[in-house]
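Peer 1: Its first residue numbered 5, the sequence shown is counted upward by one per residue in this note's numbering.
Glycine is no exception: its CB is placed at the ideal position from the N, C-alpha and C atoms.
Once you've had a glance at the structure underneath, I'll fire off some questions.
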Amino acid sequence: MPRLTDARKELRRAQIAEAAVRCFGRNGLERTSIADITAESGLSAGSIYAHYLNKAHLVRAAAREVLAERDDVIGEYAADDAPPGPDELLARLVAAIDPAEARVGVQVWGEATTDPAIRDIVVDMTGRMRAMLHDCLTAWLVKVEHHEPVEARERAASLAHRVMALYQAELLYTALRSAAEEPAS
């Protein structure tokens, strides 16, 4: 039996994670089974379990995949000669919200209140996202607003917190709006 290359393994993992996000968005975390993800991905249950131990690991992978996309984009913003300020950064983030991902995100937040493994994922992902926002806003304060780096880092902390809170509110709004707009099954 041929072995998968590392690149092929990563593609397979991404395929499974994307199928999981679609299932979670459609059925909810609790009502999505590995069998659902198997059917959605077109892979065998054995293949799913070869890459992920359980549903919590799939949730973690899906969250990391979404965060990696945000990291790339926010990193590009920070590297610009004129990074976006708080309002523009929030506007860009909100414009990029995918309704299915927003629904999954809100479900994950709900699960985090009762499942310690999911709570750890949410705390980690939220902290990472806030750190990315902090770096981008620090760059804006230094490059555009001409603050000293130390002062900029201090000021960026409260700005990043507010941008993060507003972004999460928009995720919730999008999740609720998109769920209400879908036809009943």
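So, with DSSP's three-state summary, where would you put Gly117?
Peer 2: What you label residue 117 is simply residue 113 of the sequence shown in a count that begins at 1. According to the sequence shown, residue 117 is Thr rather than Gly. Thr117: coil per DSSP, three-state reduction.
Peer 1: Apart from the five residues on each side of it in sequence, which residues of its chain come closer than 6 angstroms, Cβ to Cβ, to Arg181?
Peer 2: One-based indexing of the sequence shown puts residue 181 at position 177. Same-chain partners within the cutoff: there are none.
Peer 1: With DSSP as the reference, label Asn31 as helix, strand or coil.
Peer 2: As a position in the sequence shown, residue 31 is number 27, starting the count at 1. Three-state DSSP puts Asn31 in a helix.
Peer 1: My assumption, with CB atoms under 8 angstroms, is that Met168 sits in contact with Arg132. Please give the rounded CB distance.
Peer 2: Counted from its first residue, the sequence shown places residue 168 at position 164. Counted from its first residue, the sequence shown places residue 132 at position 128. So it is not a contact: roughly 11 angstroms between Cβ atoms.
Peer 1: If you reduce the DSSP assignment to three classes, tell me which class Tyr56 lands in.
Peer 2: Position 52 of the sequence shown, counted from the start, is the residue given in the question as residue 56. Residue state, collapsed to three classes: coil.
Peer 1: Report buried or exposed for Val126, applying the criterion of at least 16 other Cβ atoms within 10 angstroms of its Cβ.
Peer 2: For the purposes of this step, residue 126 is identified with residue 122 of the sequence shown, where counting begins at 1. Classification for Val126: buried.
Peer 1: Would you kindly work out how many angstroms separate the C-alpha atoms of Met129 and His165, rounded to a whole number?
Peer 2: Position 125 of the sequence shown, counted from the start, is the residue given in the question as residue 129. Position 161 of the sequence shown, counted from the start, is the residue given in the question as residue 165. Cα-Cα distance, rounded: 14 angstroms.
Peer 1: Leaving out five residues before and five after Glu115 in sequence, what residues of the same chain have Cβ atoms less than 7 angstroms from its Cβ?
Peer 2: As a working note, residue 115 is residue 111 in the sequence shown. Within the same chain, Glu115 has close Cβ partners Leu33 and Ile122.
Peer 1: Taking the C-alpha atoms as reference points, what is the distance between Arg12 and His55?
Peer 2: Position 8 of the sequence shown, counted from the start, is the residue given in the question as residue 12. Position 51 of the sequence shown, counted from the start, is the residue given in the question as residue 55. Distance between the alpha carbons of Arg12 and His55: 12 angstroms.
Peer 1: Reducing DSSP to helix, strand and coil, say where Leu93 ends up.
Peer 2: Position 89 of the sequence shown holds residue 93. Helix.
Peer 1: For Thr118, I'd like the list of residues in its chain whose CB is within less than 7 angstroms of its CB, leaving aside the five on either flank, ordered along the chain.
Peer 2: Indexing the sequence shown from 1 puts residue 118 at position 114. Within the same chain, Thr118 has no close Cβ partners at all.
Peer 1: If you reduce the DSSP assignment to three classes, tell me which class Thr142 lands in.
Peer 2: Stepping through the sequence shown from its first residue, residue 142 is reached at position 138. Three-state result, Thr142: helix.
Peer 1: Do Glu44 and Ala72 have their C-beta atoms within less than 8 angstroms of each other?
Peer 2: One-based indexing of the sequence shown puts residue 44 at position 40. One-based indexing of the sequence shown puts residue 72 at position 68. Cβ distance not < 8 angstroms, so Glu44 and Ala72 don't count as in contact.
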